[in-house]
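Numbering (our numbering), first residue to last: 169 to 307.
Yeah, the Cβ is synthetic: ideal placement off N, Cα and C, and Gly gets one too.
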């Protein structure tokens with residue numbers, strides 16, 4: 169398995185708060201009906217009239233918790249990836265807060281770049297496609 173190192177008490181508390189925040193966010197997505205989250209309007213959209221990088225993400229995440237994959241992808245292409253990240257983060261932070269050991273994946277910086285760069289590139293290209301009208305989302 170991956171090597172683990174001890175976490176300070178403050179680090180465990182921080183991870184517990186991170187896990188709690190993710191649990192609260194995921195729980196809110198499940199409990200609050202679609203379109204009823206009391207979120208402020210997107211400032212970027214109000215100023216420019218265009219979608220921001222994350223416009224549609226909340227709708228996408230809410231569709232995912234209801235098992236509506238087609239709707240989730242229609243609302244935001246990156247929604248399933250963000251949802252997976254939230255679930256993995258919840259598991260990781262919970263594991264570390266409870267166990268007191270930091271889980272470290274044996275990935276070098278180069279490998280991390282090879283993972284993160286394509287994700288950022290696809291997200292950026294997707295945003296450009298939305299800005300140019302090549303791809304649309306449901307408002």
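Asked, Found
"For residue 271, three-class secondary structure by DSSP", "strand"
"8 Å contact criterion, which residue 182 and residue 262 should meet: CB distance rounded", "No, residue 182 and residue 262 are not in contact; Cβ-Cβ is about 13 Å, not under 8 Å."
"Beta-carbon proximity of residue 243 to residue 299, cut-off 9 Å", "no"
"Stretch-stretch touch, CB-based, cutoff 8 Å, three pairs: the stretch 195-209 with the stretch 224-235", "yes"
"Same chain, Cβ closer than 6 Å to residue 227, neighbours up to 5 away in sequence not counted", "243"
"Identity of the residue in 224, 253 and 211 nearest residue 239 by Cα", "224"
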